[in-house]
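K.L.:
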Amino acid sequence: MDNEEAAEEFDGDWLELREPFDAAARDPGLAELLMQHVDETARPRFLDLGAGTGSLTRWLGHFVGRPHSWILADADAELMSRAFDSMMEAADEVGWKATWPQKKALLMHSPQGAWRIEGILTNLAEAPDSLPLDKVDVVTCSALCDLVSEAWLERLAEAMAQRRLPFYAALNVSGRERFTPPLPGDALVARGFLRDQRRDKGFGGIALGPEAPAVIARVFAAQGYTVHRAPSPWIVPRQAHEMAYELALGHAEAALRHERRGAAQIREWAETRGLQADDGKLAVRVEHQDLLCLP
Ligand SMILES: C[S@@+](CC[C@H](N)C(=O)[O-])C[C@H]1O[C@@H](n2cnc3c(N)ncnc32)[C@H](O)[C@@H]1O
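The sequence shown begins at 28 in our numbering and counts up one residue at a time.
Set out below in structure tokens:
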């Protein structure tokens, strides 16, 4: 892989920090609707694209309520290993046994039946060819579609439509963020952040960024899917110092890549936001949408 095709890297500590905000943000109504769709499948099999540290599995798995399995797909071996550690910790916290019967998959023994979890290391840029679509009943992802290109999504939707697979895509940014209280540099940072969201993130074209919800809906509807949408905002209160701080820093770093002439103002913005976060005076709201596309 040359640099342009390398998978975008994510920090495991960042994914861990946002996990409770992700969980609070995702729309439970769409998750229930997905479960109704698979309610006649005895042991539903889920494929989670860009699974990271497994945050979606730890949330969505609780809606299944019977034995089921997951294939976590990601390019990052470190995140994958962390996903399995976090699964075992999560099982331990609620008193479930976790076992590795054939060293291939982790079994988390919930009172309603086992969750079977395995991982595949794969560059999703090559999807759908590289994906085990014939071995699953549902394809999911969370916070992935803003990275992909429209052409990539079209190929995935076509391959999924041939198999009549539902697509559940949670936490797609919709481009609206609000840092409170307002600061003069907000518009500049927002503009740079938006430009960063549209750079090529290794999926063969401009990343969808905040266009993701609209493009997912259009592309799957064109394949005959019924598309359900629900808002799933991150609501970061003033007391959540670290999350507010990391969000401000992430926005500033992304904006700095594109707004060279405004660099001094962006640095000043980041410094002020950092102090506000430390003092418990910074609140943030980031809009997302969850989508459920049913064949
Ligand atoms: C924003 S993180 C989301 C992780 C997880 N779904 C969550 O909600 O916490 C995006 C994930 O996509 C993975 N990813 C990005 N580009 C990829 C690629 N080309 N192939 C495979 N995984 C990729 C990253 O390693 C990362 O785990």
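Positions of the beta carbon are idealized from the N, C-alpha and C atoms, including for glycine. Owing to the predicted nature of the structure, the values given are computational and were not obtained by experimental measurement.
Within the present structure, is the beta-carbon of Ser82 separated from the nearest heavy atom of ligand 1 by less than 8 Å?
P.N.:
yes
K.L.:
In the structure shown, what three-state DSSP assignment does Ala170 receive?
P.N.:
coil
K.L.:
Tell whether a beta-carbon distance below 9 Å holds between Met115 and Ala125.
P.N.:
Taking 9 Å as the cut-off, the beta carbon of Met115 is found closer than this to the beta carbon of Ala125.
K.L.:
Taking 8 Å as the cut-off, is the beta-carbon of Thr126 closer than that to any non-hydrogen atom of ligand 1?
P.N.:
no
K.L.:
Since Leu309 and Ala271 are thought to touch, with beta carbons under 8 Å apart, how far apart are those beta carbons, to the nearest angstrom?
P.N.:
4 Å
K.L.:
For Leu235, which of helix, strand or coil comes out of DSSP?
P.N.:
coil
K.L.:
Just the C-alpha distance for Pro193 and His255, rounded to the nearest angstrom, thanks.
P.N.:
11 Å
K.L.:
Determine contact between the segment 290-307 and the segment 258-270, defined as no fewer than three beta-carbon pairs at a distance below 8 Å.
P.N.:
yes
K.L.:
Does DSSP classify Leu309 as helix, strand or coil?
P.N.:
coil
K.L.:
Distance check for Ala104 and Glu298, CA to CA, integer angstroms please.
P.N.:
34 Å
K.L.:
CB Val216 to CB His278, shorter than 9 Å?
P.N.:
yes
K.L.:
How many Å lie between Glu185 and Leu171 at the Cα?
P.N.:
18 Å
K.L.:
Is any heavy atom in ligand 1 found nearer than 8 Å to the beta carbon of Leu276?
P.N.:
no
K.L.:
Fully enclosed by the segment 58-117, which alpha helix (DSSP H) runs are 4 residues long or longer?
P.N.:
82-91
K.L.:
Sorry if obvious, but does the Cβ on Asp75 come closer than 8 Å to a heavy atom of ligand 1?
P.N.:
True, at least one ligand heavy atom lies under 8 Å from that Cβ.
K.L.:
Does the distance between the C-beta of Lys130 and the nearest non-hydrogen atom of ligand 1 fall short of 8 Å?
P.N.:
no
K.L.:
By DSSP, does Lys19 sit in helix, in strand, or in coil?
P.N.:
Summary: the structure shown does not reach residue 19, with the chain confined to residues 28 through 322, and so no result is reported for it.
K.L.:
Near Glu295, what residues of its chain come up, given a Cβ to Cβ distance below 7 Å and the 5 sequence neighbours on each side ignored?
P.N.:
Gly212
K.L.:
Span of the beta strand (DSSP E) holding Leu148?
P.N.:
Gly140 to Leu148
K.L.:
DSSP three-state call for Phe194: helix, strand or coil?
P.N.:
strand
K.L.:
Considering only their Cβ atoms, is the gap separating Arg109 from Thr80 smaller than 9 Å?
P.N.:
yes
K.L.:
Here's the rule I'm using: 16 or more other beta-carbon atoms within 10 Å means buried, otherwise exposed. How should Pro71 be labelled?
P.N.:
buried
K.L.:
Say yes only if the C-beta of Asn199 is nearer than 8 Å to one or more non-hydrogen atoms of ligand 1, and no if none qualify.
P.N.:
no
K.L.:
Which first and last residues belong to the beta strand (DSSP E) in which Val175 is found?
P.N.:
Neither: Val175 is in no beta strand (DSSP E) and is coded neither H nor E.
K.L.:
Which value, in whole angstroms, describes the spacing of the CA atoms of Trp41 and Pro47?
P.N.:
11 Å
K.L.:
Please list the segments of the alpha helix (DSSP H) lying wholly inside the segment 235-262, counting only runs of 4 or more residues, in order along the chain.
P.N.:
Fully enclosed alpha helix (DSSP H) runs of 4 or longer: 239-249.
K.L.:
Is the CB-CB distance between Phe37 and Ala152 below 9 Å?
P.N.:
no
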